[in-house]
Amino acid sequence: MKRAFTLVELLVVIAIIGMLVGLLLPAVQQAREAARRMACANNLKQIGLALLNYESLRQEFPAGRKGCDGTCFYDNSVKSTGRYASTPFVAVLPQLEQMALYESLNQGNVFPCGTGETPDSTVSGWDSGNYYDAARMPQASFRCASSIIPDALQSTNCLTGSKMYDMVKSDYALCAGSRIPTNWSGRNMYYKYENDGVFFYNRAITSAEIADGLSQTIFAGELVDGGNEMSRTSYLVGLVFRTLRAADNAINTPPGTGITYTYGNYPLNAAFGSYHPGGANFLFGDGHVSYLSEGIDYTLYQSLSTRAGQEVNKETY
Numbered sequence: 058m059k060r061a062f063t064l065v066e067l068l069v070v071i072a073i074i075g076m077l078v079g080l081l082l083p084a085v086q087q088a089r090e091a092a093r094r095m096a097c098a099n100n101l102k103q104i105g106l107a108l109l110n111y112e113s114l115r116q117e118f119p120a121g122r123k124g125c126d127g128t129c130f131y132d133n134s135v136k137s138t139g140r141y142a143s144t145p146f147v148a149v150l151p152q153l154e155q156m157a158l159y160e161s162l163n164q165g166n167v168f169p170c171g172t173g174e175t176p177d178s179t180v181s182g183w184d185s186g187n188y189y190d191a192a193r194m195p196q197a198s199f200r201c202a203s204s205i206i207p208d209a210l211q212s213t214n215c216l217t218g219s220k221m222y223d224m225v226k227s228d229y230a231l232c233a234g235s236r237i238p239t240n241w242s243g244r245n246m247y248y249k250y251e252n253d254g255v256f257f258y259n260r261a262i263t264s265a266e267i268a269d270g271l272s273q274t275i276f277a278g279e280l281v282d283g284g285n286e287m288s289r290t291s292y293l294v295g296l297v298f299r300t301l302r303a304a305d306n307a308i309n310t311p312p313g314t315g316i317t318y319t320y321g322n323y324p325l326n327a328a329f330g331s332y333h334p335g336g337a338n339f340l341f342g343d344g345h346v347s348y349l350s351e352g353i354d355y356t357l358y359q360s361l362s363t364r365a366g367q368e369v370n371k372e373t374y
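Positions in the sequence shown are counted from 1; adding 57 to them yields the numbering used here.
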């Protein structure tokens, strides 16, 4: 006579299986997150190699924003090419094997973001379907595998008062240095155009100017919640607090907290951070990527964000 499981035995087996699944799930989730973090680091690595290839061709790195903006202290009457808003991400599209996209984006010259800044003070010649189709194209190279930003983004035109330039989000930002403006008065204004990092408005930095060494200088890092108004960013347009960030605040400082500047009723902190637990991936000038802990010494973190601070860092990152 065959002996069947009793109800108690069956319940015990189910409980054991449930316990095993409960033990395995965190390990599976950790393995998945590790894979996503590695994929994210690889994205930054490819961006770093593209920046180095760009520099080898032009003997300089691209400016954090190709031109100035409406508060340009060089010449507030500047229009057209003087206010191109292209980011280094756009500049290196050819090096990322995206030449067709680069050409579609006005040969890499992304339009400015204010009415009256175009060649004829209108949107004529810029407000084109081809340009916007290119701008709407999501780019995997600028997206973290753990990102929560949706692909369905804005489709309106910033030149008519909305945010066309903001359509395609990015999970990465360039490092402007150790400081970002906390207001638009006095010396603070100059942080947009003259900062102690590598990427800021209207000026390209050469390798010779990076006296701290490429391997000790942060070029780019991750950010979180790029679709949120307090952390909004885009790979297309170089904007302070957005695509250009700094080491004012510790890694993983939540959007809207810490040292902030309020713009349009939103507190902006320009912090780097990630969807990965405990820290974030950072790209350094020699092309290597390191995962920096959110508990990194603040003075050390700031020193890594500068190009010529003459700090002596004992460790290699």
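Glycine is no exception: its CB is placed at the ideal position from the N, C-alpha and C atoms. The model shown is predicted, which means the values in this text are computed figures rather than measured ones.
Taking Cβ positions, are Ile237 and Phe339 nearer each other than 8 Å?
-> no
Would you call the CB atoms of Leu101 and Ala277 closer than 8 Å?
-> yes
Taking Cβ to Cβ, would you say Phe341 is nearer than 8 Å to Ser264?
-> no
From what residue to what residue does the alpha helix (DSSP H) around Ala327 run?
-> Where Ala327 is concerned, there is no enclosing alpha helix (DSSP H), given that its DSSP letter is neither H nor E.
Classify Leu114 as buried or exposed, calling it buried when 16 or more other Cβ atoms lie within 10 Å of its own Cβ.
-> exposed
Which of helix, strand or coil DSSP assigns to Phe199 | helix
Which listed residue (Ala261, Lys123 and Ile308) has its alpha carbon closest to that of Gln164 = Lys123
In its own chain, which residues sit with a C-beta less than 7 Å from the C-beta of Leu108, not counting the 5 before and 5 after it?
-> Phe118, Pro145, Val149 and Phe276
Spatial distance of Pro406 from Ile71 (CA atoms) = Lying outside 58 to 374, the shown extent of the chain, residue 406 is not represented and no answer is given.
Where does the unbroken alpha helix (DSSP H) through Tyr355 begin, and where does it stop?
-> Tyr355 to Leu361
So Thr363 packs on Asp269, CB below 8 Å; how close in whole Å?
-> 6 Å
To the nearest angstrom, how far is it from the Cα of Gln155 to the Cα of Asn306?
-> 33 Å
Does the stretch 318-327 come within contact of the stretch 349-369, defined as at least 3 CB pairs closer than 8 Å?
-> no
Whole-angstrom distance between Glu351 and Gly330, CA atom to CA atom | 8 Å
When the Cα of Asp253 is compared with those of Thr319, Thr63, Glu368 and Ala91, which residue comes out closest?
-> Glu368
Gly342, DSSP secondary structure in three states | coil
Specify the secondary structure class of Val281 as computed by DSSP and reduced to three states.
-> coil
In or out: Glu160 buried (at least 16 other Cβ within 10 Å) or exposed?
-> exposed
Status (buried if at least 16 other CB within 10 Å, exposed otherwise) for Glu112 | buried
What residue from Leu64, Arg260 and Asn370 has the CA that sits closest to Tyr141's CA?
-> Arg260
For Ala230, which of helix, strand or coil comes out of DSSP?
-> strand
Classify Phe276 as helix, strand or coil using the three-state DSSP reduction.
-> strand
DSSP three-state call for Ser143: helix, strand or coil?
-> strand
Which term fits Asp190, buried or exposed, when burial requires 16 or more other beta carbons within 10 angstroms of its beta carbon?
-> exposed
Grouping DSSP H, G and I as helix and E and B as strand, with all else coil, what is Tyr258?
-> strand
Note down, in chain order, each residue of its chain lying with its Cβ closer than 6 Å to the Cβ of Gly313, except the 5 sequence neighbours on either side.
-> Met287 and Pro324
Nearest residue (CA-CA) to Ile316, options Leu64, Phe168, Ser235 and Leu231 = Ser235
Can you tell which of His345, Gly335, Leu357 and Asp354 has the C-alpha that lies nearest to the C-alpha of Ala91?
-> Gly335
Cα-Cα separation, Ala192 to Ile353 = 36 Å
Note down the Cα distance separating Arg302 from Lys249, rounded to an integer number of angstroms.
-> 10 Å
Can you say whether Val147 is buried or exposed, counting buried as having 16 or more other CB atoms within 10 angstroms of its CB?
-> buried
Selection from Ala157, Leu67 and Cys97 that minimises the alpha carbon distance to Val346 | Cys97
Cβ atoms of Phe199 and Tyr292: under 8 Å apart, would you say?
-> yes
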